[in-house]
Ligand code: GLP
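Residue numbers (the working numbering): 68 to 308.
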């Protein structure tokens, strides 16, 4: 794992945007894996600025998001569909036909997972996957204890994740309990991985991810085995390394 540390979240976002820009310059038809959560928001702002300034042409990229809540329609303001369009897609001129998220309202969720997985493979796999990390080490919605060999699947969210996501909903009972997520195996097959983490609350789990044993109780620890994984951290998240 390569570890890059910057002073603050803004600098982290600038580095991440530069890495994505370089990737898209090298390969305009890049297949980009994307994440939600609050961490990538400054990165998405930076990409929108680059696009507005004519510095990055993202019209030919294809995107696959990590996950979506079960039961939330794309126009629900807490769905990841909605989040991605608001935070990034409207602002960077992507081809709407090339944007992919799993459907949380599919009638047959297992069939939807299979379809999503096959679509990623048909696109040639993911060139660069952006990840955040949950406080318990989850990536996408692969929670502690989930097997490393999972492909896209339906995940049961842990209590810790439900509590962490509570802030985005009016009440706790509105927080979805399940999500569709790329599996660890799907994520691991990406040619490059860029995990971003900022803030003191992530310091402990980042230390476990980097220095701890590679175990399913810390899903992100699998990245130690990836040939091309970068961790991009602010000083606070790197404090226990
Ligand atoms: C959610 C998402 C993850 C994300 C995590 C951390 O659970 N499914 O992909 O990494 O939140 O979110 P934040 O960046 O807000 O800490």
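Virtual Cβ for every residue (Gly too), placed ideally from N, Cα, C.
- Per DSSP, reduced to three states, the secondary structure at residue 180 is helical.
- Comparing C-alpha distances from residue 184 to each of 208, 252, 276 shows the shortest one belongs to 252.
- Excluding sequence positions up to five before and after residue 288, its CB lies within less than 8 Å of the CB of 204, 275, 276, 279, 280, 281, 282, all in the same chain and listed in chain order.
- Relative to ligand 1, residue 102 has its C-beta within less than 7 Å of a heavy atom.
- Note on geometry: alpha-carbon atoms of residue 129 and residue 300 lie some 26 Å from one another.
- Between the alpha carbons of residue 236 and residue 127 lies a gap of roughly 34 Å.
- DSSP places residue 134 within a strand segment (E or B) once states are collapsed to three.
- If you check the C-beta of residue 208 against ligand 1, you find a heavy atom less than 7 Å away.
- Apart from the 5 residues on each side of it in sequence, residue 218 sits with its Cβ closer than 7 Å to the Cβ of 184, 250, 252, 253 in its chain, given in chain order.
- If only uninterrupted alpha helix (DSSP H) runs of at least 4 residues are considered, those enclosed by the segment 97–141 are 108–119.
- Residue side-chain check: residue 205 places its Cβ nearer than 7 Å to a non-hydrogen atom of ligand 1.
- For residue 221, the enclosing beta strand (DSSP E) covers residues 220–223.
- Between ligand 1 and the CB of residue 200, the shortest heavy atom gap is smaller than 7 Å.
- Nearest to residue 148 by C-alpha distance, out of 226, 101, 188, 189, is 101.
- Distance from the CA of residue 226 to the CA of residue 120, rounded to the nearest whole angstrom, comes to 42 Å.
- A distance below 8 Å between beta-carbons, with the five flanking residues on each side excluded, links residue 271 to the following residues of its chain, in chain order: 307.
- Judged by DSSP in its simplified three-state form, residue 196 adopts strand.
- Non-local beta-carbon contacts of residue 291 in its own chain, meaning distances under 7 Å to residues more than five positions away in sequence, involve 68, 281 in chain order.
- Bounds of the alpha helix (DSSP H) holding residue 81 are 76–93.
- Comparing alpha carbon positions, the residue from 171, 155, 269, 206 closest to residue 140 is 171.
- Comparing C-alpha distances from residue 228 to each of 207, 273, 70, 215 shows the shortest one belongs to 207.
- Relative to the non-hydrogen atoms of ligand 1, the Cβ of residue 219 never comes closer than 7 Å to any of them.
- The criterion of a C-beta distance shorter than 8 Å is satisfied by residue 285 and residue 211.
- Burial of residue 114 is indicated by the presence of at least 16 other C-beta atoms within 10 angstroms of its C-beta.
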